[in-house]
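Numbering (the numbering used here), first residue to last: 10 to 156. Here's the structure we're looking at; comments come further down.
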(Lines of atoms letter the chains of each structure in order from A and count residues from 1; the text may use other names and numbers.)
(Lines give C-alpha, C1' and ligand atoms only; values in the text may rest on other atoms or scores of the structure.)
Protein backbone atom coordinates (compact mmCIF):
# COMPACT_ATOMS: atom_id res chain seq x y z
CA UNK A 1 0.00 0.00 0.00
CA UNK A 2 1.44 3.34 -1.07
CA UNK A 3 1.57 6.08 1.56
CA UNK A 4 0.60 9.69 0.79
CA UNK A 5 1.05 12.81 2.90
CA UNK A 6 -1.76 15.35 2.64
CA UNK A 7 -2.26 18.80 4.14
CA UNK A 8 -4.36 21.92 3.59
CA UNK A 9 -5.13 25.31 5.03
CA UNK A 10 -8.68 26.53 5.72
CA UNK A 11 -9.36 27.25 2.04
CA UNK A 12 -8.43 23.70 1.09
CA UNK A 13 -9.80 21.93 4.16
CA UNK A 14 -13.08 20.66 2.64
CA UNK A 15 -11.33 19.43 -0.51
CA UNK A 16 -8.63 17.69 1.59
CA UNK A 17 -11.28 15.82 3.57
CA UNK A 18 -12.95 14.63 0.34
CA UNK A 19 -9.57 13.65 -1.10
CA UNK A 20 -8.77 11.58 1.98
CA UNK A 21 -11.91 9.51 1.35
CA UNK A 22 -11.08 9.15 -2.35
CA UNK A 23 -7.49 8.09 -1.60
CA UNK A 24 -8.55 5.59 1.06
CA UNK A 25 -11.09 4.03 -1.33
CA UNK A 26 -8.33 3.87 -3.95
CA UNK A 27 -6.13 1.85 -1.60
CA UNK A 28 -3.67 4.49 -0.38
CA UNK A 29 -2.46 4.92 3.18
CA UNK A 30 -2.92 8.57 4.15
CA UNK A 31 -1.08 10.63 6.73
CA UNK A 32 -2.96 13.88 7.32
CA UNK A 33 -0.60 16.67 8.40
CA UNK A 34 -3.39 19.18 9.02
CA UNK A 35 -5.33 21.29 9.23
CA UNK A 36 -7.28 19.04 11.56
CA UNK A 37 -10.14 21.49 11.90
CA UNK A 38 -11.45 24.43 9.93
CA UNK A 39 -9.72 27.58 11.20
CA UNK A 40 -10.06 30.69 9.02
CA UNK A 41 -6.97 32.18 10.67
CA UNK A 42 -4.49 29.43 9.76
CA UNK A 43 -1.70 30.09 7.24
CA UNK A 44 -0.85 28.00 4.18
CA UNK A 45 2.97 28.26 4.61
CA UNK A 46 2.72 26.24 7.83
CA UNK A 47 1.23 23.29 5.95
CA UNK A 48 3.34 23.63 2.80
CA UNK A 49 6.60 23.67 4.74
CA UNK A 50 5.56 20.87 7.11
CA UNK A 51 4.50 18.56 4.29
CA UNK A 52 7.59 19.43 2.25
CA UNK A 53 9.88 18.47 5.10
CA UNK A 54 8.05 15.15 5.61
CA UNK A 55 8.24 14.32 1.89
CA UNK A 56 11.99 14.97 1.75
CA UNK A 57 12.65 13.01 4.95
CA UNK A 58 10.64 9.96 3.91
CA UNK A 59 10.63 9.98 0.08
CA UNK A 60 6.82 9.71 0.14
CA UNK A 61 4.67 11.75 -2.26
CA UNK A 62 2.54 14.58 -0.92
CA UNK A 63 -0.61 16.51 -1.81
CA UNK A 64 -1.29 20.07 -0.68
CA UNK A 65 -4.47 22.11 -1.00
CA UNK A 66 -5.12 25.83 -0.52
CA UNK A 67 -7.54 28.27 -2.13
CA UNK A 68 -5.82 28.50 -5.50
CA UNK A 69 -3.15 25.81 -5.10
CA UNK A 70 -0.35 28.31 -5.59
CA UNK A 71 0.46 29.50 -2.07
CA UNK A 72 1.18 26.02 -0.75
CA UNK A 73 3.21 25.34 -3.88
CA UNK A 74 5.41 28.38 -3.27
CA UNK A 75 5.90 27.41 0.37
CA UNK A 76 6.68 23.74 -0.30
CA UNK A 77 9.23 24.64 -2.96
CA UNK A 78 11.27 26.48 -0.33
CA UNK A 79 12.15 23.07 1.15
CA UNK A 80 15.34 21.69 -0.39
CA UNK A 81 14.55 18.60 -2.46
CA UNK A 82 10.92 19.44 -3.09
CA UNK A 83 9.58 19.61 -6.61
CA UNK A 84 6.06 20.88 -5.94
CA UNK A 85 3.77 21.50 -8.88
CA UNK A 86 0.31 22.83 -9.46
CA UNK A 87 -1.78 20.88 -11.96
CA UNK A 88 -5.21 21.89 -13.17
CA UNK A 89 -5.55 19.26 -15.92
CA UNK A 90 -4.92 15.55 -16.27
CA UNK A 91 -2.21 16.17 -18.88
CA UNK A 92 -0.42 18.62 -16.58
CA UNK A 93 -0.56 16.08 -13.76
CA UNK A 94 0.84 13.35 -15.98
CA UNK A 95 3.72 15.39 -17.39
CA UNK A 96 4.75 16.78 -14.00
CA UNK A 97 5.45 13.23 -12.84
CA UNK A 98 6.70 11.84 -16.17
CA UNK A 99 9.07 14.71 -17.03
CA UNK A 100 9.70 16.58 -13.77
CA UNK A 101 9.53 13.80 -11.16
CA UNK A 102 7.32 16.06 -9.03
CA UNK A 103 7.02 14.87 -5.45
CA UNK A 104 4.29 17.24 -4.25
CA UNK A 105 1.01 17.98 -6.04
CA UNK A 106 -0.64 21.29 -5.16
CA UNK A 107 -4.34 21.70 -5.82
CA UNK A 108 -6.95 24.43 -5.47
CA UNK A 109 -9.75 24.17 -2.96
CA UNK A 110 -11.68 26.29 -5.45
CA UNK A 111 -11.93 26.33 -9.27
CA UNK A 112 -12.12 22.55 -9.97
CA UNK A 113 -14.90 20.01 -9.48
CA UNK A 114 -14.48 16.98 -7.22
CA UNK A 115 -14.38 14.74 -10.29
CA UNK A 116 -11.67 16.84 -11.95
CA UNK A 117 -9.56 16.75 -8.79
CA UNK A 118 -9.97 12.99 -8.40
CA UNK A 119 -8.92 12.40 -12.02
CA UNK A 120 -5.91 14.71 -11.63
CA UNK A 121 -4.83 13.02 -8.39
CA UNK A 122 -5.30 9.49 -9.76
CA UNK A 123 -3.29 10.31 -12.88
CA UNK A 124 -0.52 11.99 -10.89
CA UNK A 125 -0.18 9.10 -8.44
CA UNK A 126 -0.27 6.44 -11.17
CA UNK A 127 2.37 8.11 -13.37
CA UNK A 128 6.02 7.29 -12.79
CA UNK A 129 9.05 9.37 -13.69
CA UNK A 130 10.26 8.51 -17.21
CA UNK A 131 13.94 8.62 -16.18
CA UNK A 132 14.73 9.95 -19.67
CA UNK A 133 18.26 11.33 -19.80
CA UNK A 134 17.18 14.88 -20.62
CA UNK A 135 14.74 14.98 -17.71
CA UNK A 136 17.26 13.53 -15.27
CA UNK A 137 19.81 16.10 -16.43
CA UNK A 138 17.36 18.96 -15.84
CA UNK A 139 16.40 17.76 -12.37
CA UNK A 140 20.08 17.32 -11.53
CA UNK A 141 20.72 20.97 -12.46
CA UNK A 142 18.02 22.07 -10.01
CA UNK A 143 19.36 19.77 -7.30
CA UNK A 144 22.89 21.12 -7.81
CA UNK A 145 21.64 24.70 -7.58
CA UNK A 146 19.92 23.94 -4.26
CA UNK A 147 23.26 22.97 -2.73
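C-beta atoms are modelled at their ideal positions from N, C-alpha and C, and glycine is treated no differently.
Looking from the CA of residue 101, the closest CA among 56, 115, 91 belongs to 115. Residue 32 and residue 133 have their C-alpha atoms roughly 12 angstroms apart. For residue 72, the enclosing beta strand (DSSP E) covers residues 70 to 75. For secondary structure counted as the beta strand (DSSP E) over 3 or more consecutive residues, the region 28 to 103 holds these complete runs in sequence order: 38 to 41, 70 to 75, 93 to 95. Where residue 116 is concerned, the enclosing beta strand (DSSP E) starts and stops at 113 to 117. By the criterion of a C-beta distance shorter than 7 angstroms, residue 53 is surrounded in its chain by 18, 75, 80, 81, 84, once the five residues flanking it on both sides are discounted.
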